[in-house]
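Student: So that we are looking at the same thing, I have put the structure below in structure tokens.
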Amino acid sequence: MIICLKSKITLFLTCSLTLASGFVHADAITSCDRSAALLADPQRKSEPVPFEKIDATTVIHECTEAIKMDPDNSGRFFLQRARGHLRMGNIEKSLSDLNLSIEQNYPAAFFGLGVAFLLGDVVEADHKEASLLLLKAYDKGVFWAANALAHLYGDENSVYYDLEKSEVWAQKFILEKRVASQK
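Numbers given in my numbering equal positions in the sequence shown, counted from 1, plus 23.
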């Protein structure tokens, strides 16, 4: 039996492939989560990382490794890697990762792409698409989508402009945020 030493390098070089891959797997996943967790993601596994504090190179590397290690459950990692690509300024790769996350039915990815269509800074604004994605995100438990919907309905330039609906969504957001903070 091979004795594993405490040093990570020695561990990687001397432990069995199965044991080493288990440690690499867990480390890549937790590093991806620690590097780019989204505040609005109700399924995040670590403290949220503000966009301006994202180290894009680290996020892209760690989340790519996490995706390789757990491809069947990689919706969260695609979402987080999308944040890394966006931070780096690579909009096409960011949108691609958001869509891959949506393909895995990851709730916060619907929110992320919905906000992109709402704001129109990385894609052309499309309030209809934003509305559909944000409603789906909300239905999947992303309460931050209520805040985005409040903005959508409160925007005088939107075909969805409706102050009453805006207020309803704003109140939903406030209530659900309060409930979430008490957990």
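Just so you know, even glycine gets a beta-carbon here, dropped at the ideal spot from N, CA and C.
Alpha helix (DSSP H) containing residue 190: first to last residue?
Tutor: Start and end: 186–204.
Student: Counting along the chain, where does the alpha helix (DSSP H) carrying residue 62 start and finish?
Tutor: No alpha helix (DSSP H) contains residue 62, which DSSP labels as neither H nor E.
Student: Can you tell me where the alpha helix (DSSP H) holding residue 120 begins and where it ends?
Tutor: Where residue 120 is concerned, the enclosing alpha helix (DSSP H) stretches over 114–126.
Student: Is it a yes or a no for the stretch 118–129 touching the stretch 92–104, going by three-plus beta-carbon pairs under 8 Å?
Tutor: Yes: at least three Cβ pairs fall under 8 Å.
Student: Would residue 106 and residue 63 qualify as a contact pair, given that the criterion is a beta-carbon distance under 8 Å?
Tutor: No, the pair does not count as a contact, with Cβ atoms beyond the cut-off.
Student: Within the same chain, show all residues whose beta-carbon is closer than 8 Å to that of residue 169, passing over the 5 residues directly before and after it, in chain order.
Tutor: Within the same chain, residue 169 has close Cβ partners 161, 192, 193, 195, 196, 199.
Student: Return the Cβ separation of residue 141 and residue 150 in integer angstroms, given the expectation that the two are a contact with Cβ distance under 8 Å.
Tutor: Correct: roughly 7 Å between the Cβ atoms.
Student: What number of angstroms, rounded off, separates the C-alpha of residue 88 from the C-alpha of residue 81?
Tutor: Rounded to the nearest angstrom, the two C-alpha atoms are 11 Å apart.
Student: Pull up the CB-CB distance for residue 114 and residue 72, whole angstroms please, since I reckon it's below 8 Å.
Tutor: Wrong, their Cβ atoms sit about 19 Å apart, outside the cutoff.
Student: Should residue 205 go down as buried or exposed, given a rule of 16 or more other Cβ atoms within 10 Å for buried?
Tutor: Its Cβ having fewer than 16 others within 10 Å, residue 205 is exposed.
Student: In whole angstroms, what is the alpha-carbon distance linking residue 65 and residue 119?
Tutor: If I take the Cα positions, the gap works out to 22 Å.
Student: Does the distance from the CB of residue 101 to the CB of residue 83 come in under 8 Å?
Tutor: Contact flag unset, no.
Student: Can the beta-carbon of residue 78 be found less than 8 Å from the beta-carbon of residue 68?
Tutor: Not a contact, by the Cβ cut-off of 8 Å.
Student: State the DSSP-derived secondary structure class of residue 148, mapped to helix, strand or coil.
Tutor: Three-state result, residue 148: coil.
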